[in-house]
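Below is one structure, written out as structure tokens, with a few remarks after it.
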Amino acid sequence: MKGRLPIIAAITVTFIVCIIMITVFADDSFKHDIKKQTQKLESTNYTNFGRNINYTRLRNNPVVRDTPEEVLTAYFAALETASNLTDKQMGAVGGTVGGGLEPYKQAYQYWSREWRDQNSFQEFLNLWQGTAHVQLLKLLPAGEEKDQKRFFVETRHLEVTADKPRSGIFYYTGFFTVGKTEEGWGITGGSLEPQNLVWQLGGHQPWRSDPVLAAVVDGLGLGLQAVVGSPVVRDNPDGTVSVIFSDDNIGEKCAIILYRPYDGMWRVLEKVAAEQ
């Protein structure tokens, strides 16, 4: 054993010297590759690699109520990490998903106290049964309603059924109102409705694919045959369009703001006075 100690010591010293030589004399390309790999690891988004990563980040964040936009953004960020699946539904997708039920507690807090007094947490939870994931695709201002800020949202959901175990992607749209409360800004109303992804196949209401006709019917409340002249359609930076009508034809000069979600049907967001 004593005779082996010098040999082991020599091997150890040689190994250390090799490491030092590699570190000191490595060419620039080798060092550059190491630096690139390090930067790549530092910038990697590990959201999808572990069920509790997003939940841990979310759990440490306070409820944000500074602006109406922040409230809705944070609300859907909480829903993004939540899932409400039965054991059978979890079995259909291979196990647990995201943070489970816990993130719904924070999402629930973004509703106003008055709304929470009328809707229990269990009732709120039941709304999301079968939901594995929610992604906010679009958040757009949509005017005001009774001194409250109104917004249009578009979301994409991953949902799971248990009767015939399978999962699918579904798209929703809806309007939400956010009002000032004693706690700060809070969601006072709103709901999501599933988009109709097959409406074009049936050929029903083809006018909904035309922003001008959608503005006439849903925005002005007129019939398809109404005489409205030649409205001007203007594209906006946020993905919406403004259909501008002249007062010579409808008795007022106004603009209808619309957005076209995934299903292709134009939605009216609001009616505003057109610039003179």
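Going by the numbering used here, the sequence shown opens with residue 1342, and the numbers climb by one from there.
Just so it is clear, CB atoms sit at the ideal spot from N, CA and C, and this is done for glycine as well.
These numbers come from a predicted model, not from an experiment.
Exercise for review: Report all residues from its chain with a CB closer than 8 Å to the CB of residue 1565; omit the five preceding and five following residues, and keep chain order.
Suggested key: Cβ neighbours of residue 1565 beyond the five flanking positions: 1548, 1554, 1557 and 1558.
Review point. Since residue 1576 is in the beta strand (DSSP E), which residue starts that stretch and which ends it?
Key: First-last of the beta strand (DSSP E) with residue 1576: 1573-1576.
Check your understanding: residue 1493 bridges to which residues according to DSSP?
Key -> BP columns for residue 1493 point to 1481 and 1516.
Review point. Between which two residues does the beta strand (DSSP E) harbouring residue 1613 extend?
Key: Looking at the DSSP string, the run of the beta strand (DSSP E) that includes residue 1613 is 1608-1614.
Check your understanding: Helix, strand or coil: how does DSSP classify residue 1593 here?
Key -> Looking at residue 1593 - three-state DSSP - the assignment turns out to be coil, as it is neither helix nor strand.
Practice item. Rank 1447, 1481 and 1434 by C-alpha distance to the C-alpha of residue 1472 and give the top, closest one. Key: The shortest Cα separation from residue 1472 among 1447, 1481 and 1434 belongs to 1434.
**Study point:** Whole-Å CB distance - residue 1476 paired with residue 1421, under 8 Å assumed
**Key:** Taking the Cβ atoms as the reference, residue 1476 lies roughly 6 Å from residue 1421, within the contact range of under 8 Å.
Point to revise | Closer than 7 Å: residue 1424 CB and nearest the ligand HEM heavy atom | key: In the structure on display, the ligand HEM does not appear, and there are no ligands present to speak of.
Practice item. Could you give the DSSP three-state label for residue 1422: helix, strand or coil? Key: Under the three-state reduction of DSSP, residue 1422 is assigned to coil, being neither helix nor strand.
**Study point:** Closest by C-alpha distance to residue 1601, when choosing among 1463, 1451, 1527 and 1512
**Key:** Nearest to residue 1601 by C-alpha distance, out of 1463, 1451, 1527 and 1512, is 1512.
Point to revise | C-beta contact flag for residue 1453 and residue 1510 at 8 Å | key: No; because the gap between Cβ atoms is not below 8 Å, this pair is not in contact.
Check your understanding: Should residue 1599 be labelled buried (16 or more other beta-carbon atoms within 10 Å of its own) or exposed?
Key -> By the neighbour-count rule (16 or more Cβ atoms within 10 Å), residue 1599 is buried.
Check your understanding: So is residue 1396 buried or exposed if we call it buried at 16+ other beta carbons inside 10 Å?
Key -> For residue 1396, the predicted structure reports a pLDDT of 40, less than 50, and the residue's modelled location is therefore unreliable. A value from the coordinates is still provided. Residue 1396 should be labelled buried.
Check your understanding: Considering only the beta carbon of each residue, do residue 1583 and residue 1567 sit closer than 8 Å?
Key -> Taking a C-beta distance under 8 Å as the contact criterion, residue 1583 and residue 1567 do not qualify as a contact pair.
Exercise for review: Using three-state DSSP, classify residue 1507 as helix, strand or coil.
Suggested key: Collapsing the DSSP output to three states places residue 1507 in a strand.
Exercise for review: Count the other C-beta atoms from every protein chain shown that fall within 10 angstroms of the C-beta of residue 1413, then say buried if there are 16 or more, exposed otherwise.
Suggested key: By the neighbour-count rule (16 or more Cβ atoms within 10 Å), residue 1413 is buried.
Exercise for review: Could you please give the first and the last residue of the uninterrupted alpha helix (DSSP H) stretch that includes residue 1552?
Suggested key: DSSP places residue 1552 inside the alpha helix (DSSP H), whose first and last residues are 1552-1555.
Exercise for review: Evaluate residue 1498 with the Cβ neighbour count: other Cβ atoms within 10 Å of its Cβ, from every protein chain shown; 16 or more gives buried, anything less gives exposed.
Suggested key: Residue 1498 counts as buried, since at least 16 other C-beta atoms from the protein chains shown sit within 10 angstroms of its C-beta.
**Study point:** Test item: CB-CB of residue 1502 and residue 1533 under 8 Å
**Key:** Result no, Cβ atoms of residue 1502 and residue 1533 do not sit closer than 8 Å.
Check your understanding: Thinking C-beta only, is residue 1550 closer than 8 Å to residue 1570?
Key -> It is not a contact, given that the beta carbons lie outside the stated cut-off.
**Study point:** Opening and closing residue of the beta strand (DSSP E) in which residue 1535 lies
**Key:** Run containing residue 1535: 1525-1535, per the beta strand (DSSP E) assignment.
Review point. For residue 1466 versus residue 1442, is the C-beta distance shorter than 8 Å?
Key: In this structure, residue 1466 lies near residue 1442, with their beta-carbon atoms less than 8 Å apart.
Practice item. Compute the Euclidean distance between the alpha carbons of residue 1470 and residue 1427, then round it to the nearest angstrom. Key: Approximately 8 Å between the Cα atoms of the pair.
Point to revise | Rounded straight-line distance, which links the Cα of residue 1526 to that of residue 1520 | key: Spanning the alpha carbons of residue 1520 and residue 1526 requires a straight line of approximately 6 Å.
**Study point:** Through-space distance from residue 1590 to residue 1451, alpha-carbon basis
**Key:** Cα to Cα, the separation comes out at about 44 Å.
Point to revise | Host beta strand (DSSP E) of residue 1582 (start-end) | key: Its beta strand (DSSP E) spans residues 1582-1586.
Review point. For residue 1456, does the three-state DSSP call read helix, strand or coil?
Key: Note: residue 1456 maps to helix in three-state DSSP.
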